[in-house]
Each structure stands twice: as structure tokens, then as C-alpha cells.
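The sequence shown finishes on residue 185 if you use numbering that gives the first Met the number 0, and the numbering steps up by one all the way, no holes. Where a beta carbon is used, it is the ideal one built from N, C-alpha and C, also for glycine. It should be emphasised that the depicted structure is a prediction, and the values quoted were computed from it without experimental measurement. Below is one structure, written out as C-alpha cells; comments come after it.
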Amino acid sequence: MSTPEEDLQHENAGQDVIAVDADDTELELVNRLDAHTGEGIRHRAFTSLVFDGEGNVLLAQRAPDKRLWGTYWDGTVASHPVEGQSQEEATRQRLEEELGITPDQYDDLELTDRFEYKRYFENAGVEHEVCAVLQLTLTDRSLDPNEEEVAGLMWVPYERLHSNPEWYRQLRLCPWFEIAMRRDVR
Numbered sequence: 000m001s002t003p004e005e006d007l008q009h010e011n012a013g014q015d016v017i018a019v020d021a022d023d024t025e026l027e028l029v030n031r032l033d034a035h036t037g038e039g040i041r042h043r044a045f046t047s048l049v050f051d052g053e054g055n056v057l058l059a060q061r062a063p064d065k066r067l068w069g070t071y072w073d074g075t076v077a078s079h080p081v082e083g084q085s086q087e088e089a090t091r092q093r094l095e096e097e098l099g100i101t102p103d104q105y106d107d108l109e110l111t112d113r114f115e116y117k118r119y120f121e122n123a124g125v126e127h128e129v130c131a132v133l134q135l136t137l138t139d140r141s142l143d144p145n146e147e148e149v150a151g152l153m154w155v156p157y158e159r160l161h162s163n164p165e166w167y168r169q170l171r172l173c174p175w176f177e178i179a180m181r182r183d184v185r
């Protein structure tokens, strides 16, 4: 559990996220740390699922230093768009920052779903998000992971993961990825 002093020094304390209503209508900018502590503040987020041409999804293990869900396995990238940024633009940015994936490696980025959820993480914080799901297929699987963001990578047969999530419980999947996966199968 983090202390109030550590929270004030955390990089998230200097960033904002977009507070939204249940329909994902923008309300105002709120401090990112405030949005993820206490009861949380509903805000806009996304998760992106990257596929290869053979039906595999790329799972990324969150770096251990992540404030929430560190070392958990996630869909390929997840984050928050900033003010004035579309979900697609935010996804492109995070793919490049976290994995070195550039737009010339795919051409089919599409928003496929949106859902609201709220989950608490231990005693450290909360996610209360309206989460967009974006998908794309890589034509070139070359990756250059940023170790500050990603602890590990794994290609997994998506249909098998979707049909048998209990086989993968030891991976400790992020809640937003599990929800996206339950709602959507290719």
C-alpha cells in the first residue's frame, strides 16, 4: 500500500484523465491519481488487442513498477487518451511507446467495443473506466518492448484463451482485458 507522500510524488499525480458519464460523454479533466484512488472517478480509457495473422493475441505483462496491476498480464496495451486525442490516436501512440509497433506494421485498427467497469486493486487504488476496445492485426511482428512499461510478452491462441480462461488463471489477467475478452471473440 502506498503512503500519501508516495502518492504525491507518483508520476500520475502530474497527469490528467478525461472524466466521462456512463455514455462516454466528456465531463471535465481530473487528476489521474485522484481518478484511481478512493472511490475513483469514472474516466475514459482503452485497451488494445494486437493479433497476428494466425489467430494469436499478444499479451503484455505490465511492468512491476506500475501502481495498479503491476506484473499482471494485459491485452497488448491499455491506457487513457489525453484531451483532444481519439482512442485510435492514443492506441497508436501507446503501441509505439510500449512495444515499438509503428503504423506501417498494421492497417486495420478499429474500435470494436466499449464497456464500463469498476474494480479495486488490493489497497492501492481503483479503476472506474469507460473502456474502448480496439483491435488490429500485425503484418510485421517485429517488437521493441520498453522495459519500463512491459515486463514480458506472450502470443496466445485467442479463441482458446476466450473459450478456456481458467487454463490461464496463473497469469493473473487484468480485469479490463478479461471483460473485453468475454465480450468479444474474433
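* Counting Cβ pairs closer than 8 Å, one from the stretch 43 to 57 and one from the stretch 71 to 82, do we hit at least three? -> yes
* Would you check if there are 3 or more beta carbon pairs closer than 8 Å linking the stretch 163 to 183 to the stretch 22 to 41? => no
* Asked: Mapping DSSP to helix, strand and coil, what is Pro43?
  -> Here the question's residue 43 lines up with position 44 in the sequence shown. According to the sequence shown, residue 43 is Arg rather than Pro. Three-state result, Arg43: strand.
* Asked: Of the choices Asn30, Val29 and Glu177, whose alpha-carbon is the least far from that of Glu115?
  -> As a working note, residue 115 is residue 116 in the sequence shown. Minimum Cα distance to Glu115 is reached at Glu177.
* To do: Using the Cα positions of Ile100 and Val19, report the straight-line distance between them to the nearest angstrom.
  => For the purposes of this step, residue 100 is taken as the residue at position 101 of the sequence shown. For the purposes of this step, residue 19 is taken as the residue at position 20 of the sequence shown. Each residue's alpha carbon lies about 29 Å from the other.
* Thr111: first and last residue of the uninterrupted beta strand (DSSP E) it sits in -> Locating residue 111 in the sequence shown gives position 112, where the first residue counts as 1. Segment Glu109 to Phe120, the beta strand (DSSP E) holding Thr111.
* Just the Cα atoms here: how many angstroms apart are Gln169 and Gln84? -> Position 170 of the sequence shown, counted from the start, is the residue given in the question as residue 169. Position 85 of the sequence shown, counted from the start, is the residue given in the question as residue 84. The alpha-carbon atoms of Gln169 and Gln84 are separated by roughly 35 Å.
* When the distance is taken between beta carbons, is Asp107 closer than 8 Å to Thr136? -> The sequence position of residue 136 within the sequence shown is 137, counting from 1. The sequence position of residue 107 within the sequence shown is 108, counting from 1. In contact: Thr136 and Asp107 (Cβ atoms closer than 8 Å).
* **Helix, strand or coil at Glu5 according to DSSP, with G and I counted as helix** => The residue given as residue 5 occupies position 6 in the sequence shown. Here the model assigns Glu5 a pLDDT of 48, short of 50, so the residue's position is not dependable, and the following value carries that caveat. Three-state result, Glu5: helix.
* **His161 (DSSP reduced to helix, strand or coil)** => On the sequence shown, residue 161 is found 162 positions in, with the first residue counted as 1. Helix, per DSSP.
* Could you give the residue range of the beta strand (DSSP E) that holds Glu95? -> In the sequence shown, the residue the question calls residue 95 occupies position 96. From DSSP, Glu95 is part of no beta strand (DSSP E) but of the alpha helix (DSSP H) over Gln86 to Leu98.
* **Spatially closest choice to Glu126 from Trp175, Ala179 and Arg61, by CA coordinates** => Along the sequence shown, one-based indexing puts residue 126 at 127. Selected option, being the one with the closest Cα: Trp175.
* **Segment contact flag, the stretch 91 to 98 with the stretch 117 to 132, C-beta cutoff 8 Å, min 3 pairs** => no
* Would you check if the distance between the CB atom of Asp143 and the CB atom of Gln104 is smaller than 8 Å? => The count along the sequence shown starts at 1 and reaches residue 143 at position 144. The count along the sequence shown starts at 1 and reaches residue 104 at position 105. Cβ atoms of Asp143 and Gln104: not closer than 8 Å.
* Write down the C-beta distance between Gly54 and Glu121 rounded to the nearest angstrom, noting that I regard them as a contact closer than 8 Å. => As a first step, residue 54 must be located in the sequence shown, where it is residue number 55. As a first step, residue 121 must be located in the sequence shown, where it is residue number 122. Their Cβ separation, rounded to whole angstroms, is 34 Å, which puts Gly54 and Glu121 out of contact at 8 Å.
* For Glu87, I'd like the list of residues in its chain whose CB is within less than 8 Å of its CB, leaving aside the five on either flank, ordered along the chain. => The residue you call residue 87 lines up with position 88 of the sequence shown. Excluding sequence neighbours, Glu87 sits near Leu108, Leu110 and Leu133.
* Opposing strand residues paired with Met153 [DSSP bridges] -> Counting from 1 along the sequence shown, the entry for residue 153 is found at position 154. Paired residue(s): Leu58.
* Where Asp103 sits in the DSSP three-state scheme -> On the sequence shown, position 104 is the one that residue 103 refers to. DSSP places Asp103 in helix when its eight states are reduced to three.
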